[in-house]
């Protein structure tokens, strides 16, 4: 390997990966310490640290303070998914994006939604149902609750004109969230909005996003039949 | 912030995130350069670089060589998924793991599978269908093709005794792969193996893994009804 610069941790990572894949360093085996690797590779110890950290985050190494670093016995592969604003996903495919609000109403959510959002008894909610289309065909039906107590500006927003998906990304940056992926049979409402038969298998993304301790929104997105979410390992 | 050490890029990242969320640095706006931030935070420029790199990978910043760093206008949120060996996922839930091979046969795959695996005409394939159970209940039905030309040791392996999922992780480390997630209605075979009604909405993970230019395996995993894959944002 060439002498290191600030970006060469990727080169260290590639060499460590090669040794793991070639089983030069076998599953469960200790690897040399950072200082020894830095000397071998002729780079800064911080560069080795960055590379090992990255491989540890990817589940390929197990690092223990003081005990050193081992090749993982049971590697957990991690996949990274992009969660884009739907308009950019649709337009990125070269399709014409469309948006229609089918219901906008201020009312109380079902208890399971309120509880998942850890919302207080006095909190107000906006319920927005909408359909987003690609070249005129339904792409996703969205059933969303927005906590107006957390995001009061949402009460003054025209969700006939802009999707809550896009508005929230622009106006209510979140600190963290939970996301889950599942399959459901389309019920009558989902089938009607996606223009497909009841019972069709639908890919659903459910998400709650938070601004610190306050939930911003709870959303279920029901994708058109055949939707596939893809990524690299 | 305290004076930096090799691990304090996380502290820099937290402060940059805070400024983005508080809109001190608004979407689309240039942020100060690395040297200026390093001086402000009293840390090494490499530490700032590491923090900005991480936020850029997460889609919150846009970095251009020479042009500098902006807050992303259209942040793409990234979610990281763990893809564990199923046995560890099941046992990790405190359930008893079970495995049954329902078909093990060497024969040619359908053209779409061969083509997706970029396999040569002379390549040999093992077709393994199996069911993995949690506390006796079907958890996943797996339909897998293994390229024996790439992984010849698989021909001598007893897949009645160990799942291909687990054996491959131990014996055929891969360099990269493609993974996708979708929903399908259970056909007669899937319904029978998962002990559910035909037409039930099933979450499917499809995966092809590679060792460099050679495909190792092509697998579809059909999960039990109601399966939910979850992660944090």
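Chains as they are written, first to last, in the UniProt record's numbering: chain A, 1 to 233; chain X, 1 to 233. All C-beta atoms in this analysis are idealised placements derived from N, C-alpha and C, irrespective of residue type, glycine included.
For residue i, would you say it is in contact with chain A, using Cβ-to-Cβ distances shorter than 7 Å as the test?
{"i": "residue 197(X)", "result": "no"}
{"i": "residue 182(X)", "result": "yes"}
{"i": "residue 104(X)", "result": "no"}
{"i": "residue 83(X)", "result": "yes"}
{"i": "residue 80(X)", "result": "yes"}
{"i": "residue 92(X)", "result": "no"}
{"i": "residue 179(X)", "result": "yes"}
{"i": "residue 3(X)", "result": "A caution first: residue 3(X) carries a pLDDT of 43, below 50, which makes its placement in the model too unreliable to give a value."}
{"i": "residue 6(X)", "result": "With a pLDDT of 37 at residue 6(X), under the threshold of 50, the predicted position of this residue should be treated as unreliable, and no value is reported."}
Using a Cβ cut-off of 7 Å (strictly closer), state whether residue i contacts chain X.
{"i": "residue 185(A)", "result": "yes"}
{"i": "residue 230(A)", "result": "yes"}
{"i": "residue 69(A)", "result": "no"}
{"i": "residue 201(A)", "result": "yes"}
{"i": "residue 233(A)", "result": "yes"}
By Cβ distance below 8 Å, which residues in the same chain neighbour residue i in space, the five residues on each side in sequence not counted?
{"i": "residue 79(X)", "result": "231, 232, 233"}
{"i": "residue 167(X)", "result": "154, 157, 159"}
{"i": "residue 88(A)", "result": "none"}
{"i": "residue 115(X)", "result": "none"}
{"i": "residue 4(A)", "result": "Its pLDDT being 39, under 50, residue 4(A) is placed unreliably in this model, and the coordinates cannot settle the point."}
If the criterion is Cβ atoms closer than 7 Å, does the pair residue i and residue j meet it?
{"i": "residue 131(A)", "j": "residue 144(A)", "result": "no"}
{"i": "residue 138(A)", "j": "residue 194(A)", "result": "yes"}
{"i": "residue 208(X)", "j": "residue 181(X)", "result": "no"}
{"i": "residue 215(A)", "j": "residue 198(A)", "result": "no"}
{"i": "residue 140(A)", "j": "residue 223(A)", "result": "yes"}
{"i": "residue 151(A)", "j": "residue 218(A)", "result": "no"}
{"i": "residue 48(A)", "j": "residue 55(A)", "result": "no"}
{"i": "residue 221(A)", "j": "residue 91(A)", "result": "no"}
{"i": "residue 241(A)", "j": "residue 51(X)", "result": "Beyond the ends of chain A as shown, which are 1 and 233, falls residue 241(A); an answer cannot be given."}
{"i": "residue 45(X)", "j": "residue 35(X)", "result": "yes"}
{"i": "residue 25(X)", "j": "residue 71(X)", "result": "yes"}
{"i": "residue 171(A)", "j": "residue 147(A)", "result": "no"}
{"i": "residue 274(X)", "j": "residue 175(X)", "result": "Only positions 1 to 233 of chain X appear in this structure, which leaves residue 274(X) out of reach."}
{"i": "residue 125(X)", "j": "residue 109(X)", "result": "yes"}
Return the residue from the list the options that minimises the CA-CA distance to residue i.
{"i": "residue 160(X)", "options": "105(X), 41(X), 62(X), 95(X)", "result": "105(X)"}
{"i": "residue 177(X)", "options": "169(X), 183(X), 184(X)", "result": "169(X)"}
{"i": "residue 73(A)", "options": "24(A), 61(A), 147(A), 47(A)", "result": "61(A)"}
{"i": "residue 66(X)", "options": "121(X), 32(X), 191(X), 23(X)", "result": "32(X)"}
{"i": "residue 98(A)", "options": "19(A), 115(A), 166(A), 136(A)", "result": "136(A)"}
{"i": "residue 162(A)", "options": "190(A), 102(A), 27(A), 108(A)", "result": "102(A)"}
{"i": "residue 82(X)", "options": "179(A), 59(A), 115(A)", "result": "59(A)"}
{"i": "residue 120(X)", "options": "64(X), 149(X), 228(X), 189(X)", "result": "149(X)"}
{"i": "residue 18(A)", "options": "18(X), 173(X), 15(X)", "result": "173(X)"}
In chain order, what residues of the same chain have a beta carbon less than 6 Å from the beta carbon of residue i, not counting five sequence neighbours either side?
{"i": "residue 134(X)", "result": "90, 95"}
{"i": "residue 27(A)", "result": "71, 73"}
{"i": "residue 100(X)", "result": "131"}
{"i": "residue 228(A)", "result": "none"}
{"i": "residue 179(A)", "result": "207"}
For residue i, I'd like the list of residues in its chain whose CB is within less than 7 Å of its CB, leaving aside the five on either flank, ordered along the chain.
{"i": "residue 29(X)", "result": "70, 71"}
{"i": "residue 68(X)", "result": "30, 33"}
{"i": "residue 118(X)", "result": "215"}
{"i": "residue 191(X)", "result": "197, 198, 200"}
{"i": "residue 189(X)", "result": "none"}
Whole alpha helix (DSSP H) runs in the region 137–186 of chain X with 4 or more residues, listed along the chain?
-> 164–171
Residue ranges of each beta strand (DSSP E) run of no fewer than 3 residues wholly in the region 67–143 of chain X, ordered along the chain?
-> 68–71, 77–83, 97–106, 125–134
Completely contained beta strand (DSSP E) runs for the UniProt domain "HTH gntR-type" (6–74) of chain X, where each covers 3 or more residues = 61–64, 68–71
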